[in-house]
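Numbering (this note's numbering), first residue to last: 18 to 189. Here a beta-carbon is modelled for each residue, glycine too, at the ideal position from N, C-alpha and C. Note that this is a predicted model, so its numbers are computed, not measured.
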């Protein structure tokens, strides 16, 4: 009989041995964690909007320079975009939808292919587009002295709604 302390198999198999079972994790998710849930998608998009407006505020207040602002915004676009393209996240992707051929194609149509860079995921491009819409709204609201998150969100609401609808596959 083999000693139970002996690790059998390849190094790759041994490395995976301590990893959680993906099927068990997926089974443990609730419907409330689904990227097909309008509430979940809205919460993720609204959270993104809040973070982007905060980054713009930091720049306006001199807390970060333009390069740091750009780096942080790009990072947020990549992070949230990855979730919607089915990347590792605590959210359950919609099979067949949260893929380059699903939501990726819908995003490319929405953006008319112009804003999707070759090396960028379509979802990251979508969030980059939304960040630009938020920046425009922020600059207008800041000039009027009302650049809080709610005012910026209200001004950019049509863009926010368009993003949410596209991510859910229910464009108006």
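The shortest C-alpha to C-alpha distance from residue 92 to any of 141, 156 and 124 is the one to 141. When 172, 187 and 148 are compared, the shortest CA-CA separation from residue 71 is found for 148.
Boundaries of the alpha helix (DSSP H) around residue 158: 139 to 160. By the beta-carbon neighbour count (other beta carbons within 10 angstroms, threshold 16), residue 139 is buried. Beta-bridge analysis with DSSP links residue 51 to 109.
When the alpha-carbon of residue 167 is set against those of 90, 69, 51 and 52, the nearest one is in 69.
Taking residue 81 as the centre and dropping the five residues before and after it, the same chain places the C-beta of 72, 75 and 89 closer than 8 Å to its C-beta, in chain order.
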